[in-house]
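Below: the structure, in structure tokens.
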Amino acid sequence: DYGSQTNQLLTEFSPEQEPITPEQKQLALELKQAINDDQLKLMVHPIVEINYRKVVAGEVLIRWRHPQRGLISPQDFIHVAEKTGVIYGLTRWVLSAAIQELAKWQQANIQCQISVNISNRDLLQHELIDFIAGQLNKANVAANKLILEIREGAITADPQQAHDAIIRLDKLGVHTVIDDFGTGLSALGLIRELPLKGLKVDRSFVKSLTEGDTAKTIVNTVVDVGRNLGLDVVAEGVEDEEVEDKLRRMGCNLSQGFLYSQPFDLAGFVSWTQQWQQKQKQKQQQTIEFK
Ligand code: C2E
Ligand code: MG
Ligand code: MG
Ligand code: MG
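In mature numbering (1 follows the signal peptide of the UniProt record, and there is no 0), the protein residues as written are 497 to 787.
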């Protein structure tokens with residue numbers, strides 16, 4: 497019962513926080529209900545190795561099937577969940593579902609990692625990591641199959657706590673990447689101290705790659721920073737081959753975007769990835785035969 501974990505939290509606010517509007521409070525209550533009523537649904541978006549176009553991971557993206565309002569995008573409710581504390585139960589629900597999905601992928605012989613978005617407030621919760629360890633254990637999946645995506649702000653808001661959390665995750669074997677990298681830029685000094693696995697270059701930069709030299713310089717710099725620190729660099733929002741090609745030449749190694757596919761539902765991701773791997777195998781077979 498992930499919804500009930502948030503009972504208390506709804507009334508606990510730090511004084512510096514913006515007040516919650518009645519509409520937001522209503523939405524938060526409905527969201528709590530939604531967690532228990534099976535109204536939340538996960539989509540998966542492939543993350544692809546840029547040179548060989550191998551699917552290496554799937555990012556889990558939440559959707560809310562609201563009984564009256566229809567499908568609601570995370571942009572319209574995650575901030576309310578964060579503000580009201582409902583995020584704690586929500587994140588646990590997502591993590592639990594994602595880890596169960598990982599177990600299914602293993603059975604289907606899909607060798608992908610799963611990447612889960614974590615809110616800034618989640619990272620400050622000490623028990624979250626124990627919860628993750630417990631779920632991995634229960635599902636019998638290896639910790640290094642799980643990636644947590646945290647935003648730059650989680651590191652700059654409370655560097656010490658974030659540092660401790662990322663170290664604990666690393667010890668457990670779980671990978672951490674910085675999401676929407678570049679939008680804060682202030683984390684630059686802090687990231688080299690952390691046992692991170694990668695950076696995800698924000699879509700706003702990637703999108704502007706075809707627009708001229710300034711954007712190119714920024715993306716190039718971010719890719720260089722990541723690669724020089726020995727990190728994976730994922731470009732978000734890759735929509736065409738021209739952009740993919742530019743990124744490849746910059747040394748960016750992973751790519752995600754509508755060029756490869758739109759996000760899938762869980763079953764869709766499994767069959768798409770299997771087909772993709774099959775195609776890839778046939779291609780390799782052909783090049784071997786032609787040699
Ligand atoms: P994000 O983590 O940066 O996720 C990437 C978003 O960009 C997704 O939108 C995805 O559909 C979209 N995207 C990926 N490639 C392309 C592309 O080529 N073109 C375009 N136009 N869009 C692309 P989505 O699913 O609406 O998610 C928005 C944000 O909501 C996410 O941004 C993430 O910050 C948050 N979010 C999603 N699921 C969760 C969750 O389970 N927990 C938390 N805390 N946040 C979540
Ligand atoms: Mg993300
Ligand atoms: Mg992102
Ligand atoms: Mg983004």
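Beta carbons: idealized from backbone N, C-alpha and C, even for Gly.
How big is the Cα-Cα spacing for residue i and residue j?
i	j	result
residue 613	residue 601	19 Å
residue 684	residue 778	42 Å
residue 701	residue 678	8 Å
residue 776	residue 770	10 Å
residue 724	residue 690	14 Å
residue 557	residue 759	8 Å
residue 726	residue 686	15 Å
residue 551	residue 599	17 Å
residue 710	residue 661	35 Å
residue 611	residue 732	13 Å
residue 569	residue 783	43 Å
residue 643	residue 566	30 Å
residue 734	residue 648	21 Å
residue 635	residue 625	15 Å
residue 697	residue 767	28 Å
residue 514	residue 781	59 Å
residue 721	residue 692	13 Å
residue 705	residue 717	13 Å
residue 757	residue 657	36 Å
residue 712	residue 667	36 Å
residue 744	residue 699	16 Å
residue 714	residue 688	19 Å
residue 592	residue 517	30 Å
Measuring only between beta-carbons, confirm whether residue i sits less than 8 Å from chain C.
i	result
residue 737	The chain labelled as chain C is not found in the depicted structure, where only one protein chain is given.
For residue i, count neighbouring C-beta atoms within 10 Å of its own C-beta (all shown protein chains included) and say buried if the count is 16 or more, exposed if not.
i	result
residue 622	exposed
residue 607	exposed
residue 575	exposed
residue 572	exposed
residue 752	buried
residue 630	exposed
residue 580	buried
residue 563	exposed
residue 457	Beyond the ends of the chain as shown, which are 497 and 787, falls residue 457; an answer cannot be given.
residue 708	exposed
If you drop the 5 nearest sequence neighbours on each side, which residues of the same chain put their C-beta closer than 6 Å to that of residue i?
i	result
residue 719	729, 746, 747, 748
residue 764	none
residue 773	none
residue 640	669
Excluding five sequence neighbours on each side, which residues of the same chain lie with their C-beta closer than 8 Å to the C-beta of residue i?
i	result
residue 577	524, 527, 583, 586, 615
residue 638	632, 669
residue 537	558, 559, 560, 561, 761
residue 654	620
Whose C-beta lies closer than 7 Å to the C-beta of residue i among residues of the same chain, with five residues either side of it excluded?
i	result
residue 646	614, 619, 672, 674, 675
residue 603	none
residue 736	755
residue 741	none
residue 553	543, 608, 609, 610, 611, 643
residue 738	706
Enumerated in chain order, which unbroken segments of the beta strand (DSSP E) with a length of 3 residues or greater are wholly contained in the stretch 639-723? Taking only runs of at least 3 residues, the beta strand (DSSP E) segments lying wholly in the stretch 639-723 are 642-647, 671-677, 694-697.
Check each residue's C-beta against every heavy atom of ligand 2 and list, in chain order, those closer than 6 Å. One residue list follows from the rule of a beta carbon closer than 6 Å to any heavy atom of ligand 2, given in chain order as 555, 613, 645, 675.
4-residue-minimum alpha helix (DSSP H) runs that sit fully inside the stretch 529-588, ordered along the chain: Counting only runs of 4 or more, we get 574-580.
Any alpha helix (DSSP H) of 4 or more consecutive residues that is wholly inside the stretch 729-765: Note on the stretch 729-765: whole alpha helix (DSSP H) runs with a minimum of 4 residues are 737-746, in chain order.
Quick check on the DSSP output: what are the complete beta strand (DSSP E) runs of length 3 or more inside the stretch 602-641, in order along the chain? Counting only runs of 3 or more, we get 609-613.
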